[in-house]
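One structure is given below, encoded as structure tokens.
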Amino acid sequence: MCARFSFEYDLPAEAEAVYRYFLEIENISTAWPPEIEMRYISREDDVYVVGFKLLGQRYTARFRIEELGGFRMYHETVDFPFGKLRHWITVEPREGGGSKLEEVLELRSWNPFAGNILRRILEYRRQAIMHAFGVSEPPAYRDPFKIGVAVGNLLCLVGSVAGVVLPAVTPPPLPGARFVLGLVSFFLLWFFTHDLAHYIVGRLVGIRFSNYYIGLSNIVRLNILPKPFKNLPIALGIKIDRLRSKASPRGYAVMYAAGPIASMLAPLYVPATILSNSPGSLAGLLLLILALANTVFTSIFSPRAGCLGKASKALRRRRLQ
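Each residue of the sequence shown is one higher than the one before, starting from 1 at the first, in this note's numbering.
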């Protein structure tokens, strides 16, 4: 997939000042939405390293800047988690003062949603650049992946209830229908009980939350997925409001552990229900194997890169206090 974006600006600053703005890499943090936490990290010869946060995960990117002469430059990523990003910048002086800025950005990515994500970010960035030169109000960014707590809770509750109800539904008289219905139920319970458990247990121990969000599963941190698939495993997350939270480290540990425990135990309901109604059901046995595999995988993966790992860190902080 290739997405291409073009922007033009009429700025009151002289061409050299505009050009220097883009050449000074420290300015990168002011032009991107604060939610992304874009920051300059280091320089390695002619390669710049920046860090940012997107879809609930932290990333680094490496890119080069090539000066082309005549207030023109070219940026190209050397290592970028969402594909290949190229950026052309041209600044021209205007008669009577000021300058004209032209930008062209091209993203080549295997992620079908990357173009739309970048487009929203670049709309903010355009306004931020104009604000930096005094020709626009401060930019505002509406994160399309943020969900209010009430809506997120309702979504999780509806998904979980649907997962409980489906195994009791009589499947249509089609081959494999019971298994498909059970698989849908399995997924709903695996997906939606996780954050609902975080929320319920968190509230009980004094933790408050600011919002839910759509992001990427922590499985991407394990480096077990091929690069083209690393940005595809979608997950629902919930963000802690640490300013309003009053939980102890043990409380945080219990809250973190509640999510993966729910994701391991809740799906067992599906094969248990099917097998109790129809002992020896092939669909029930297959779903039981899947549930056990899910438990084994989560027990291995979560302490390394997921919520059980966060729970362990919270307990270590408690011991250090």
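Where a beta carbon is used, it is the ideal one built from N, C-alpha and C, also for glycine.
Neighbour-count burial assignment, residue i, 16 or more Cβ in a 10 Å radius
i    : result
E103 : buried
V296 : exposed
R125 : buried
F229 : exposed
D195 : buried
L216 : buried
K227 : exposed
V220 : buried
V165 : exposed
P138 : exposed
P260 : buried
I325 : What is shown of the chain runs 1 to 321, which leaves residue 325 out entirely.
N223 : exposed
A168 : exposed
Nearest residue (CA-CA) to residue i, options the options
i    : options                   : result
S278 : L54, V165, R178 and L55   : R178
K84  : R4, S281, G69 and G134    : R4
Y256 : K230, K227 and F209       : F209
H198 : C307, L166 and P172       : C307
A150 : I224, V158 and G56        : V158
N111 : A15, M1 and L286          : M1
S42  : K53, I28 and E35          : I28
L11  : S160, I89 and G98         : G98
F186 : W32, A291 and V169        : A291
P144 : I36, R317, A283 and K310  : I36
P93  : F63, R304 and L101        : L101
A253 : L204, K313, I300 and L282 : K313
K239 : G176, K146 and V184       : K146
P34  : E66, R142 and S302        : R142
T170 : S160, T298 and L181       : L181
Inter-residue CB distance, residue i and residue j (contact presumed, cutoff 8 Å)
i    : j    : result
W190 : A266 : 7 Å
V201 : A247 : The Cβ separation is near 10 Å, so there is no contact.
A61  : V50  : 5 Å
P249 : L154 : The Cβ separation is near 30 Å, so there is no contact.
L236 : Y269 : Rounded, the Cβ-Cβ distance is 19 Å, inconsistent with contact.
N294 : M264 : 6 Å
G251 : I207 : 7 Å
Unbroken alpha helix (DSSP H) run spanning residue i, endpoints
i    : result
R72  : Not the alpha helix (DSSP H): R72 falls in the beta strand (DSSP E), residues R72 to D79.
P271 : Y269 to N277
R119 : A114 to A132
G182 : A177 to V205
I234 : Looking at the DSSP string, I234 is not in any alpha helix (DSSP H); the run it does join, the beta strand (DSSP E), is I234 to I240.
F301 : L282 to A305
L23  : A15 to L23
S263 : P249 to L265
Range of the contiguous beta strand (DSSP E) that encloses residue i
i    : result
L222 : Note, L222: premise wrong, no beta strand (DSSP E); not H, not E.
F209 : F209 to L216
T170 : Where T170 is concerned, there is no enclosing beta strand (DSSP E), given that its DSSP letter is neither H nor E.
L85  : K84 to P93
R4   : C2 to L11
R108 : S99 to R108
Quiz item: If you scan the segment 25-63 from start to end, which runs of the beta strand (DSSP E) of 3 or more residues do you find wholly inside it?
Solution: Entirely contained in the segment 25-63, the beta strand (DSSP E) runs reaching 3 residues are, in chain order, 39-44 and 47-54.
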